[in-house]
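Residue numbers (this note's numbering): 4 to 315. One structure is given below, encoded as structure tokens.
Below is the structure:
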């Protein structure tokens, strides 16, 4: 490489290191407020959500899904919400507006059964547009197939198969009533991610799938939005086997911030959202590198981790 290319690779490697490794000072303070936000939030979240009469979400019991439900209940109390996950979200009391369908998305046949219940539920809701949020997903850190092959296959089932199947089974209703499909991908979708190989590949799949789906849906009254968050302050990284403090505080966002940006992008008719300018710079740089080099850089950075021995 010449000097210019060497500099580019070094800068990217440093950025990737910051993205994944980071150093979290014990004295770190994170203030969430107008002064701390470096992006434009939508002027009215309620305007976006109030264009829908019903919402179906997977994985609303924690993380981003829980934040989506919390925002929706604040700004659009009349929105009918149906959650699909193994456990019910906190404070998700039974009412005409809220429904929980217990479902393990990694199990063959459960998505079909849950989708039939969702369709029956939608038939009893007021006519209007439907918002589908494909939020469920998880990762695992380590040399493939760590922690075990069963977990890797479950990841594909939840991150890929369940997304495609649920969307496909609900799509006729969405086309009939109008609506939108939000699918949570990741900044990991933009390059091979050694030591998180299956996770990165699964997110690359849903990103490209959602973008293609959006084009196929033109003129149908349904749109698709792929959301690519960077590190987000949820339990995701712990569940994946990464120790606390592994995420750079300079790049991480809260779940509420990601939700606000998602609703803004949805209101603007976007087909893809990478949250935050630093994550956009990272994904742009990573996507321009030759794939073997990007994979090597990811391996150098992620390979430094000592995998937490947690039950996955």
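C-beta: ideal position from N, C-alpha, C; glycine also.
Min CB distance residue 154 to chain C below 8 angstroms: Absence of chain C from the displayed structure is noted, only one protein chain being present.
Local conformation of residue 297 per DSSP, three classes: Position 294 of the chain shown, counted from the start, is the residue given in the question as residue 297. Here residue 297 carries a helix assignment [DSSP, helix/strand/coil].
At least 3 beta-carbon pairs within less than 8 angstroms: the stretch 272–291 vs the stretch 48–63: no
Beta-carbon spacing of residue 263, residue 48 below 8 angstroms: If you number the chain shown from 1, residue 263 lands on position 260. If you number the chain shown from 1, residue 48 lands on position 45. Residue 263 is a Cβ neighbour of residue 48, given a cutoff of 8 angstroms.
Simplified DSSP assignment, three categories, for residue 111: On the chain shown, position 108 is the one that residue 111 refers to. Coil at residue 111, not helix or strand.
Under the three-state DSSP convention, the category residue 235 falls into: For this step, residue 235 is matched to residue 232 along the chain shown. Residue 235 falls in the strand class under three-state DSSP.
Reduced DSSP secondary structure (H/G/I, E/B, other) of residue 52: If you number the chain shown from 1, residue 52 lands on position 49. Reduced to three states, the DSSP call for residue 52 is helix.
Contacting residues, own chain, Cβ-Cβ under 6 angstroms from residue 190 (five flanking each side not counted): Your numbering for residue 190 matches position 187 in the chain shown. Cβ within range, chain order: 231, 233, 282 and 286.
Residue environment, residue 112, which counts as buried when at least 16 other CB atoms sit within 10 Å: On the chain shown, position 109 is the one that residue 112 refers to. Label assigned to residue 112: exposed.
Local Cβ density within 10 Å of residue 147, reported as buried at 16 or more and exposed below that: Looking up residue 147 in the chain shown gives position 144. Taking every protein chain shown into account, the CB of residue 147 has fewer than 16 other CB atoms within 10 angstroms, so this residue is exposed.
Reduced DSSP category for residue 179 - H, G, I as helix; E, B as strand; rest coil: As a working note, residue 179 is residue 176 in the chain shown. Of the three classes helix, strand and coil, the one that applies to residue 179 here is helix, per DSSP.
For residue 165, three-class secondary structure by DSSP: Taking the chain shown and counting its residues from 1, one reaches residue 165 at position 162. Looking at residue 165 - three-state DSSP - the assignment turns out to be helix.
Run of the beta strand (DSSP E) containing residue 201, from where it starts to where it stops: Here residue 201 refers to the residue found at position 198 when the chain shown is read from its first residue. Here residue 201 belongs to no beta strand (DSSP E); instead the alpha helix (DSSP H) covers 200–219.
Length of the line joining the Cα atoms of residue 369 and residue 137: Residue 369 is absent from the structure shown; the chain starts at 4 and stops at 315.
The alpha helix (DSSP H) enclosing residue 290, as first and last residue numbers: Looking up residue 290 in the chain shown gives position 287. Segment 280–291, the alpha helix (DSSP H) holding residue 290.
Boundaries of the alpha helix (DSSP H) in which residue 76 is found, first to last residue: As a working note, residue 76 is residue 73 in the chain shown. Per DSSP, residue 76 belongs to the alpha helix (DSSP H) from 66–78.
Between the CA atoms of residue 63 and residue 3 - distance to the nearest angstrom: Shown here, the chain extends from 4 to 315; a query on residue 3 therefore has no answer.
Best match in 188, 212, 181 and 193 for proximity to residue 226 [C-alpha to C-alpha]: Residue mapping note: residue 226 aligns to position 223 of the chain shown, counting from 1. Each of 188, 212, 181 and 193 was checked against the Cα of residue 226, and the nearest Cα belongs to 181.
Distance between beta carbons of residue 197 and residue 298, contact taken as under 8 angstroms: Against the chain shown, residue 298 aligns to sequence position 295. Against the chain shown, residue 197 aligns to sequence position 194. Contact holds; Cβ gap of about 6 angstroms.
Whole-number beta carbon distance between residue 201 and residue 158, since they are thought to touch under 8 angstroms: Locating residue 158 in the chain shown gives position 155, where the first residue counts as 1. Locating residue 201 in the chain shown gives position 198, where the first residue counts as 1. Rounded, the Cβ-Cβ distance is 5 angstroms, consistent with contact.
Cβ shell of residue 214 (< 7 angstroms), same chain only, five flanking positions each side left out: Here residue 214 corresponds to residue number 211 of the chain shown, with the count starting at 1. Within the same chain, 229, 274 and 275 come within 7 angstroms of residue 214 by CB-CB distance, once the 5 residues on both sides are set aside.
Supposed close pair residue 161, residue 109 - CB separation, criterion 8 angstroms: Looking up residue 161 in the chain shown gives position 158. Looking up residue 109 in the chain shown gives position 106. That pair is a contact at about 5 angstroms.
Within 8 angstroms, strictly: CB atoms of residue 178 and residue 128: Working through the chain shown from its first residue, we reach residue 178 at position 175. Working through the chain shown from its first residue, we reach residue 128 at position 125. Not closer than 8 angstroms, so no.
Reduced DSSP secondary structure (H/G/I, E/B, other) of residue 197: Here residue 197 refers to the residue found at position 194 when the chain shown is read from its first residue. In this structure, residue 197 counts as coil in the three-state DSSP scheme.
Beta carbon of residue 165 nearer than 8 angstroms to that of residue 209: What you label residue 165 is simply residue 162 of the chain shown in a count that begins at 1. What you label residue 209 is simply residue 206 of the chain shown in a count that begins at 1. No.
Helix, strand or coil at residue 61 [DSSP, three-state]: Taking the first residue of the chain shown as 1, we reach residue 61 at position 58. Residue 61: strand per DSSP, three-state reduction.
Contact belief for residue 73 with residue 100 at Cβ below 8 angstroms, rounded distance in angstroms: As a working mapping, residue 73 is identified with position 70 in the chain shown. As a working mapping, residue 100 is identified with position 97 in the chain shown. Contact doesn't hold; Cβ gap of about 14 angstroms is too wide.
Burial state of residue 171 (16 or more Cβ within 10 Å): Along the chain shown, one-based indexing puts residue 171 at 168. Exposed, by the Cβ-count rule.
Beta-carbon proximity list for residue 302, same chain, < 7 angstroms, skipping 5 on both sides: As a first step, residue 302 must be located in the chain shown, where it is residue number 299. Within the same chain, residue 302 has close Cβ partners 197 and 198.
Beta-carbon contacts of residue 28 that lie in its chain and below 7 angstroms, excluding the five residues immediately before and after: Residue 28 sits at position 25 when you count from the first residue of the chain shown. Model confidence at residue 28 stands at a pLDDT of 33, short of 50, so the residue's coordinates are unreliable and nothing is read from them.
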